[in-house]
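In this note's numbering, the protein residues as written are 4 to 137.
Listed below in structure tokens is the structure:
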């Protein structure tokens, strides 16, 4: 029995839809990492409340809630000016989606190249930086 073209195309719809979802999630993860680097370079205080997860803030500051955000903002101010410490995103090397999403990047931190894996989590309907990994 020969399968017609129309039914064969219908079988591909779920596969193609899944590919599009991955592309959208991948782009969202890449965009979030770019925004995070930009906010860091601009010393934007929103970095602490909009780009970092609540759990990461708690773990990195030892504080909760607004106290964690304020502590993070103070640490951000202590980085110095963007001219003193500048982070450039040289390359997004790998985006891993699924149970533990992450983005592996190559950064230039004031002239020194560093590979970093940024762990992501969804919080308040947006991807946020949840920490760093190997």
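C-beta: ideal position from N, C-alpha, C; glycine also.
- Message: Considering only their Cβ atoms, is the gap separating residue 107 from residue 93 smaller than 8 Å?
- Response: Against a cut-off of 8 Å, the Cβ pair of residue 107 and residue 93 comes out as no contact.
- Query: Helix, strand or coil for residue 64 per DSSP?
  - Reply: The answer is helix: DSSP assigns residue 64 an H, G or I state.
- Run through DSSP, which three-state label would residue 47 get? Coil at residue 47, not helix or strand.
- Query: With DSSP run on the structure shown, which of helix, strand or coil describes residue 89?
  - Reply: DSSP places residue 89 in coil when its eight states are reduced to three.
- Task: Report buried or exposed for residue 118, applying the criterion of at least 16 other Cβ atoms within 10 angstroms of its Cβ.
- Result: It is exposed - the Cβ of residue 118 has fewer than 16 other Cβ atoms within 10 Å.
- Message: DSSP three-state label for residue 115, please.
- Response: In the structure shown, residue 115 adopts extended strand secondary structure according to DSSP, grouped into three states.
- According to DSSP, is residue 124 helix, strand or coil? Secondary structure of residue 124 (DSSP, three-state): strand.
- Query: Given 8 Å as the limit, is there contact between the region 59-68 and the region 79-87, that is, 3 or more CB pairs closer than that?
  - Reply: Because the criterion of three Cβ pairs below 8 Å is not met, the region 59-68 and the region 79-87 do not touch.
- Which word fits residue 49, buried or exposed, when buried means at least 16 other C-beta atoms lie within 10 angstroms of its C-beta? That one is exposed.
- Per-residue burial, residue 71 [other beta carbons within 10 Å of its own, 16 or more giving buried]: With 16 or more Cβ atoms within 10 Å of its Cβ, residue 71 is classed as buried.
- From residue 126 to residue 56, what does the alpha carbon distance come to, in whole angstroms? CA-CA distance, residue 126 to residue 56, rounds to 7 Å.
- What whole-angstrom Cβ distance do residue 32 and residue 109 have, given they're in contact under 8 Å? Rounded, the Cβ-Cβ distance is 16 Å, inconsistent with contact.
- With a Cβ-Cβ cutoff of 8 Å, do residue 95 and residue 40 count as a contact? No, they are not a contact pair.
- Message: I'd like to check one pair, residue 123 with residue 37: are the Cβ atoms closer than 8 Å?
- Response: No, these two residues do not count as a Cβ contact at 8 Å.
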